[in-house]
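Just below is one structure, and these are the notes that go with it.
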Amino acid sequence: MSRAASLYHPVTIGTVRIPGNIFLAPMAGYTDVAFRTVAVREGADCTYTELVSAEGVLRNSKNTHSLLRRSPEEIYWGVQIFTSSPYAAGKAVERIQSLTTPTLFDLNCGCPVPKVVQHGGGAALLKDPSLIYLIVKTMKESTSIPITVKIRSGWDAESINYRETAEAAVLGGASLVCLHPRTRTQGYGGKSNWRHISDLKSSLSVPVFGSGDLFTPQDVARMLEITRCDGVMIARGAVGNPFIFTQVKAFLQGTPPPNVFVENVSVEKRLAVALTQLDLAIEAMGESLACREMRKHFCSYVKGIEGSAGFRNRIVHAETREQYYRLVAEFTRSSSS
Ligand SMILES: Cc1cc2nc3c(=O)[nH]c(=O)nc-3n(C[C@H](O)[C@H](O)[C@H](O)COP(=O)(O)O)c2cc1C
16 MSRAASLYHP VTIGTVRIPG NIFLAPMAGY TDVAFRTVAV REGADCTYTE
66 LVSAEGVLRN SKNTHSLLRR SPEEIYWGVQ IFTSSPYAAG KAVERIQSLT
116 TPTLFDLNCG CPVPKVVQHG GGAALLKDPS LIYLIVKTMK ESTSIPITVK
166 IRSGWDAESI NYRETAEAAV LGGASLVCLH PRTRTQGYGG KSNWRHISDL
216 KSSLSVPVFG SGDLFTPQDV ARMLEITRCD GVMIARGAVG NPFIFTQVKA
266 FLQGTPPPNV FVENVSVEKR LAVALTQLDL AIEAMGESLA CREMRKHFCS
316 YVKGIEGSAG FRNRIVHAET REQYYRLVAE FTRSSSS
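Under the numbering used here, think of the first position of the sequence shown as 16, with each following residue one higher.
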């Protein structure tokens with residue numbers, strides 16, 4: 016077995032054993048059931064919903080329920096909640112279990128968006144590790160499904176406290192911690208500080224996953240090798256490029272198939288997968304919403320393809336399935352001629 020091959024392995028999260036350690040990260044506005052299904056088909060070992068409001072679950076909000084849709088192809092599937100209330104977290108976990116059967120529950124402690132942090136949720140929890148402890152503990156007492164927690168390095172550069180927040184989560188009963196090593200203040204800018212992942216890995220008793228700046232198979236191999244983390248969650252690197260999962264696994268196993276890098280995935284294949292995602296989205300949310308949601312995905316699928324600017328300009332106005340199929344056919348014809 017090559018050195019890289021030993022980096023790809025199963026991971027045990029509490030009572031659950033997942034056959035591989037390359038996950039799709041939760042992404043609000045992106046990781047809906049259609050995108051997750053495509054990611055699984057392309058090799059993601061586990062997927063997460065985007066963040067779901069615990070209070071929304073309790074209010075029976077229609078939007079929240081649509082976020083809880085699971086594809087039969089998602090064998091290993093996490094539901095991520097956000098809240099600042101231990102009570103709401105516990106009740107939401109109970110309610111979700113009466114509706115569906117996640118493999119994992121995750122607590123979001125990283126979302127930087129004002130409407131989430133203003134209510135004390137997401138990254139605001141980083142300011143209060145004892146609240147993270149209480150929320151995780153209440154979730155743990157409300158379910159036998161393993162709990163994972165996704166954190167950032169800290170609120171800002173002056174308050175780096177990932178060790179403290181991760182320890183609070185584990186004390187509360189978390190079975191895995193994923194660290195995105197940026198602060199809330201950094202948002203998604205700058206470079207993620209992988210040293211924080213190495214440091215956390217060396218200090219925590221449960222599996223540690225890393226997230227941040229994983230755009231190529233080499234990035235993933237480097238993170239696994241340098242930080243010794245137990246697995247990764249790929250986020251922006253998978254948007255318009257779900258192929259990255261197969262590529263990463265092939266790269267780590269030392270058996271690259273012919274099209275191992277995204278620039279080598281043909282235009283035809285990229286657009287065929289994008290159309291499959293469109294059809295899955297239509298099935299899940301209806302044609303009108305799916306066509307709006309898929310515009311950004313199509314723009315990402317053709318990123319870097321020569322002559323795609325005109326296609327992107329047209330696709331952002333597409334409103335029907337028929338329009339998508341027509342624009343794709345035209346673009347494929349023009350790029351192969
Ligand atoms: C558009 C977008 C939405 C995101 N939504 C979530 C979310 O709902 N829950 C979460 O834990 N992280 C969320 N994240 C953070 C990602 O999961 C990931 O940790 C972060 O983007 C770093 O990885 P990357 O640099 O490889 O993109 C989001 C990131 C982006 C770009």
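Beta carbons: idealized from backbone N, C-alpha and C, even for Gly.
(message) Does Y369 come out as helix, strand or coil in the three-state DSSP assignment?
(response) Residue numbering for the chain in the displayed model covers 16 to 352; residue 369 lies beyond these limits and cannot be assessed.
(message) Can you look up K165 in the DSSP assignment and give me helix, strand or coil?
(response) Here residue 165 refers to the residue found at position 150 when the sequence shown is read from its first residue. In the three-state scheme derived from DSSP, where H, G and I count as helix and E and B as strand, K165 is classed as strand.
(request) Apply the 10 Å Cβ neighbour rule to V331 and answer buried if 16 or more other Cβ atoms are within range, or exposed otherwise. (result) For the purposes of this step, residue 331 is identified with residue 316 of the sequence shown, where counting begins at 1. Exposed.
(request) Kindly examine ligand 1 and report whether one of its heavy atoms sits closer than 7 angstroms to the Cβ of E65. (result) As a working note, residue 65 is residue 50 in the sequence shown. Placement of the Cβ of E65 at a distance of less than 7 angstroms from at least one heavy atom of ligand 1 is found.
(request) Determine, using beta carbons only, whether Q95 and P41 come nearer to each other than 8 angstroms. (result) Looking up residue 95 in the sequence shown gives position 80. Looking up residue 41 in the sequence shown gives position 26. One thing to note: Q95 has its Cβ within 8 angstroms of the Cβ of P41.
(request) Use the C-beta contact count for Y203: other C-beta atoms within 10 angstroms, 16 or more gives buried, fewer gives exposed. (result) Counted from its first residue, the sequence shown places residue 203 at position 188. So Y203 counts as exposed.
(message) DSSP has V247 in a bridge; who is on the other side?
(response) As a first step, residue 247 is located in the sequence shown; it is residue number 232 there, counting from the start. The partner list for V247 (beta bridge, DSSP) reads I37 and G225.
(message) In this structure, how does DSSP classify L186 when only helix, strand and coil are distinguished?
(response) Stepping through the sequence shown from its first residue, residue 186 is reached at position 171. Correct three-state label for L186: helix.
(request) May I ask you to list the residues that DSSP assigns as paired with L122? (result) Here residue 122 refers to the residue found at position 107 of the sequence shown. Per DSSP, the beta-bridge partners of L122 are I96 and V164.
(message) Taking contact to mean 3 or more Cβ pairs, one atom from each stretch, closer than 8 angstroms, check whether the region 239-257 and the region 204-221 are in contact.
(response) A contact between stretches requires three or more CB pairs, one per stretch, nearer than 8 angstroms, and the region 239-257 meets this requirement with the region 204-221.
(request) Return the residue from the list T180, E65, A183 and H312 that minimises the CA-CA distance to A287. (result) Locating residue 287 in the sequence shown gives position 272, counting from the first residue. Of T180, E65, A183 and H312, the residue nearest in Cα terms is H312.
(request) List the residues that DSSP assigns as beta-bridge partners of T198. (result) Here the question's residue 198 lines up with position 183 in the sequence shown. In DSSP, T198 forms a bridge with G169.
(message) I'd like to know if the region 107-121 and the region 330-345 are in contact, where contact means that at least 3 CB-CB pairs between them fall below 8 angstroms.
(response) Contact between the region 107-121 and the region 330-345 is absent, because fewer than three Cβ pairs lie under 8 angstroms.
(request) Compare the beta carbon distance of L83 and L39 with 8 angstroms and say whether it is the shorter of the two. (result) As a position in the sequence shown, residue 83 is number 68, starting the count at 1. As a position in the sequence shown, residue 39 is number 24, starting the count at 1. The criterion of a C-beta distance shorter than 8 angstroms is not satisfied by L83 and L39.
(request) Locate the alpha helix (DSSP H) running through T242, then write down its first and last residues. (result) Here residue 242 refers to the residue found at position 227 of the sequence shown. P232 to T242 is the extent of the alpha helix (DSSP H) around T242.
(request) Taking L191 as the reference, give the member of V263, V26 and L295 with the closest Cα. (result) Your numbering for residue 191 matches position 176 in the sequence shown. It is V26 whose Cα lies nearest to the Cα of L191.
(message) S226 and M248 - do their beta-carbons sit closer together than 8 angstroms?
(response) Counting from one through the sequence shown, the residue named residue 248 turns up at place 233. Counting from one through the sequence shown, the residue named residue 226 turns up at place 211. In this structure, S226 lies closer than 8 angstroms to M248 by Cβ.
(message) Whole angstroms are fine: how far does the CA of N36 sit from the CA of T52?
(response) Here residue 52 is taken as the residue at index 37 of the sequence shown, counted from 1. Here residue 36 is taken as the residue at index 21 of the sequence shown, counted from 1. Taking the straight line joining both Cα atoms gives about 17 angstroms.
(message) Here's the rule I'm using: 16 or more other beta-carbon atoms within 10 Å means buried, otherwise exposed. How should E156 be labelled?
(response) For the purposes of this step, residue 156 is identified with residue 141 of the sequence shown, where counting begins at 1. It is exposed - the Cβ of E156 has fewer than 16 other Cβ atoms within 10 Å.
(request) Taking I28 as part of the alpha helix (DSSP H), name the residues at either end of that continuous run. (result) To locate residue 28, count along the sequence shown from 1; it is residue 13. Note, I28: premise wrong, no alpha helix (DSSP H); beta strand (DSSP E) at V26 to I28.
(request) Closer than 6 angstroms by C-beta to E179: which residues in its own chain qualify, once you throw out the five before and the five after it? Chain order, please. (result) As a first step, residue 179 must be located in the sequence shown, where it is residue number 164. Within the same chain, E179 has close Cβ partners P144.
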